[in-house]
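Numbering (this note's numbering), first residue to last: -8 to 348.
One structure is given below, encoded as structure tokens.
Rendered as structure tokens:
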């Protein structure tokens, strides 16, 4: 049971299905008087266009395998005349200067940098492509504007004098039984891995198609609706969960929420919060609309269906049991989730779908 992109807005930060299991009548869809917040338009016979499902060709599979191989390189000392390429690791000394003066935090010695890792400002790593061991280069750049790590440097021109001490050449491994076993995906041979990749890509292709179709149907259905502002408690719940989700992502990467928002997303906290709030309102409206369709169509959810959804979620998440899933914070309101799945099935069954190349 893979959660589908029906309620993802604001840069995929929000998931309206992630409702708390202990919500009030204003936040739990099945208890909400949804007719107060939406007047439905047409939701049967919706005409939508979606991209065709990606065909899993041999070329498509090979591209995936090549990518996986590229993510597990080995490194050897490069010859003295080797010209650094993307993926290589260069050991460098560097000094950064603004208006001819070195600035704090802009210098280091013996630093190992993988070219293409984007650990430095744009242009720094590109400026070392083609360098050989022992070479010194001046890399002339400007700091981004804005530059959250150090606002005082934003937009400033800078010259980095970089000496390449040594280069380790990246080598892509071969696809062997040993490599496949190392991946830890349950395969022991290349032949087994080929079957695994085929199944994986076909499932992903189908999932992408389903997500695109369901989002198109939801968007189309919303066009004909008239909405009132959703309950503030519901909006706050969606917003809070979005922020918690991103906070967990940041923590898993050893970052603070602000560091992830400014550094990884390239945004400001103010913009992030505004975007999350806007997305929360939209997600509330989507959820309320689907519940109102369920009410009109007499669609209900049994405890047996909820239990089955939880069992599937636990299995897909690698949990020993539903109890373990709940202990890990996965006790979402699966009644609402199953309801939405049923409504989406109704929309698809009655839709006029055109597939685009």
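Built from N, CA and C at the ideal position, the CB exists for glycine as well.
Inset, instruction - Would you list the one or two residues that DSSP bridges to residue 158? - result: 81
Inset, instruction - Look at the Cβ atom of residue 225, then the Cβ atom of residue 275, and state whether they are nearer than 7 Å. - result: yes
Legend entry - Nearest residue (CA-CA) to residue 152, options 126, 141, 296, 172: 126
Inset, instruction - Could you check what DSSP says for residue 263 in three-state terms: helix, strand or coil? - result: helix
Inset, instruction - Compute the Euclidean distance between the alpha carbons of residue 91 and residue 148, then round it to the nearest angstrom. - result: 10 Å
Inset, instruction - Grab me the residues of residue 310's own chain with a C-beta within less than 6 Å of its C-beta, minus the 5 sequence neighbours each way, in chain order. - result: 316
Legend entry - Beta-carbon contacts of residue 14 that lie in its chain and below 6 Å, excluding the five residues immediately before and after: Note that residue 14 scores 45 on pLDDT, short of 50, meaning its location in the model is unreliable; the coordinates nonetheless yield the value given after this. Excluding positions up to five away in sequence, the list is empty.
Legend entry - For residue 249 and residue 260, believed in contact at Cβ under 8 Å, the rounded distance: 6 Å
Inset, instruction - List the whole-angstrom C-beta distance separating residue 95 from residue 106, where the pair is believed to meet the contact cut-off of C-beta under 8 Å. - result: Not confirmed; about 25 Å, so no contact.
Legend entry - Touching by the beta-carbon criterion (3+ pairs, under 8 Å), the stretch 159 to 175 and the stretch 134 to 146: no
Inset, instruction - State the CB to CB distance for the pair residue 414 and residue 68, rounded to an integer number of angstroms; the pair is presumed to be in contact (CB under 8 Å). - result: In the structure displayed, the chain extends from -8 to 348; residue 414 sits before or after that span and is not available.
Inset, instruction - Kindly give me the distance between the Cβ atoms of residue 61 and residue 162, rounded to whole angstroms, as I take these residues to be in contact under 8 Å. - result: The Cβ separation is near 11 Å, so there is no contact.
Inset, instruction - Would you check if the distance between the CB atom of residue 272 and the CB atom of residue 38 is smaller than 7 Å? - result: no
Legend entry - Pairwise C-alpha distance: residue 128 and residue 82: 14 Å
Inset, instruction - Specify whether the stretch 49 to 61 and the stretch 178 to 189 touch according to this definition: at least 3 beta carbon pairs, one from each stretch, less than 8 Å apart. - result: yes
Inset, instruction - Please go through the same chain and pick out, in chain order, the residues whose beta-carbon is closer than 6 Å to the beta-carbon of residue 335, but skip the five residues on each side of it. - result: 205
Inset, instruction - Put residue 112 into one of helix, strand or coil per three-state DSSP. - result: coil
Inset, instruction - Could you pull out every unbroken alpha helix (DSSP H) segment of at least 4 residues lying fully inside the stretch 224 to 302, listed in chain order? - result: 260 to 288
Legend entry - Simplified DSSP assignment, three categories, for residue 348: coil
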